[in-house]
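Only one structure is covered here, and it is reproduced in the block below.
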Amino acid sequence: NAGVTQTPKFQVLKTGQSMTLQCAQDMNHEYMSWYRQDPGMGLRLIHYSVGAGITDQGEVPNGYNVSRSTTEDFPLRLLSAAPSQTSVYFCASSLGQGFRQPQHFGDGTRLSIL
Amino acid sequence: EDKVVQSPLSLVVHEGDTVTLNCSYEVTNFRSLLWYKQEKKAPTFLFMLTSSGIEKKSGRLSSILDKKELSSILNITATQTGDSAIYLCAVDTNAGKSTFGDGTTLTVKP
Chain A
299 NAGVTQTPKF QVLKTGQSMT LQCAQDMNHE YMSWYRQDPG MGLRLIHYSV
349 GAGITDQGEV PNGYNVSRST TEDFPLRLLS AAPSQTSVYF CASSLGQGFR
399 QPQHFGDGTR LSIL
Chain B
2 EDKVVQSPLS LVVHEGDTVT LNCSYEVTNF RSLLWYKQEK KAPTFLFMLT
52 SSGIEKKSGR LSSILDKKEL SSILNITATQ TGDSAIYLCA VDTNAGKSTF
102 GDGTTLTVKP
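Shown next, in the form of structure tokens:
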């Protein structure tokens with residue numbers, strides 16, 4: 299049972315480059331979300347989705363795009379990478395808004411922007 | 002704007018000590034409060050507290066929700082070196098968002 303799978307685990311980019319962080323879950327969860335975690339800080343919500351075809355912004359959405367074409371996948375796109383986006387990114391999923399369930403997290407992607 | 006504040010930010014204790022971690026929140030449409038433990042990688046779930054379940058216990062860990070004071074505590078008794086981690090408090094709202102605190106870094110020395 300894979301749970302939440304994030305790829306890649308590590309990535310180094312140059313300023314201005316674009317890339318997509320992949321997230322897939324095999325638990326048939328409706329709710330998926332992306333967070334970033336900076337040193338000494340908790341998780342800040344970037345974007346979230348309550349189901350396929352539906353996405354919404356979190357507290358720090360600028361510079362990031364998401365889409366949710368299937369229940370399983372929720373990729374996060376960096377449009378033009380900036381050093382301020384250097385962080386560890388976590389994807390998470392849970393059953394759905396109607397369920398009081400904890401989120402399951404992937405192992406994270408460590409991203410460095412030079 | 003929803004806000005979750007944890008204290009202390011860091012804590013160093015010795016094995017066998019008892020610790021209390023604090024979490025206070027100001028959110029609109031509170032649904033539940035959750036505690037997670039984060040070691041090297043992903044946060045892992047510890048407890049969920051809601052209006053109908055304001056105290057939870059699992060082994061040496063326990064947590065209480067005070068809805069009047071808008072706060073929660075996480076207690077760990079007889080600490081072990083394996084308890085060393087970042088402990089995260091998160092509040093879920095009926096709007097579907099989760100707001101996390103900055104975490105408490107606990108270090109347990111042998």
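Protein chains in written order, with my numbering: chain A, 299 to 412; chain B, 2 to 111. Ideal Cβ positions, reconstructed from N, Cα and C, are used throughout, including at glycine. Quick caveat, the model's predicted, so the values are computed rather than measured.
### Message
Spatial neighbours of isoleucine 65 of chain B within its chain, please: C-beta separation below 6 Å, excluding the five flanking residues on both sides.
### Response
If we look at isoleucine 65 of chain B and ignore the five residues flanking it on each side, its Cβ neighbours are Glu56 and Ile74.
### Query
Excluding five sequence neighbours on each side, which residues of the same chain lie with their C-beta closer than 6 Å to the C-beta of serine 72 of chain B?
The residues are Ser25.
### Within-9 Å CB hit, phenylalanine 403 of chain A to chain B
Interface residue, yes.
### Query
Among B:Thr82, B:Ile77 and B:Ala43, which residue has its Cα nearest to the Cα of histidine 402 of chain A?
For histidine 402 of chain A, the nearest C-alpha among the options comes from B:Ala43.
### Task
State yes or no: is the beta carbon of leucine 22 of chain B nearer than 9 Å to at least one beta carbon in chain A?
Taking Cβ atoms only, chain A never reaches closer than 9 Å to leucine 22 of chain B, which makes this a no.
### Query
So is glycine 104 of chain B in contact with chain A if we call contact Cβ pairs under 9 Å?
Closer than 9 Å to some Cβ of chain A, the Cβ of glycine 104 of chain B qualifies, so yes.
### Query
Between tryptophan 332 of chain A and the rest of its own chain, which residues show a CB-CB distance below 6 Å, the 5 nearest in sequence each way excluded?
If you ignore the 5 residues before and after tryptophan 332 of chain A, its C-beta comes within less than 6 Å of the C-beta of Ile344, His345, Leu374 and Cys389, all in its own chain and listed in chain order.
### Query
If we count the other Cβ atoms within 10 Å of its Cβ and call it buried at 16 or more, is threonine 353 of chain A buried or exposed?
By the 10 Å Cβ count, threonine 353 of chain A comes out buried.
### Query
So with Cβ pairs under 9 Å, would you call glycine 356 of chain A a contact of chain B?
For glycine 356 of chain A, the answer is yes, since a Cβ of chain B falls inside 9 Å of its Cβ.
### Message
Does the CB of glutamate 40 of chain B have a neighbour CB from chain A at under 9 Å?
### Response
Not one chain A Cβ lies under 9 Å of glutamate 40 of chain B.
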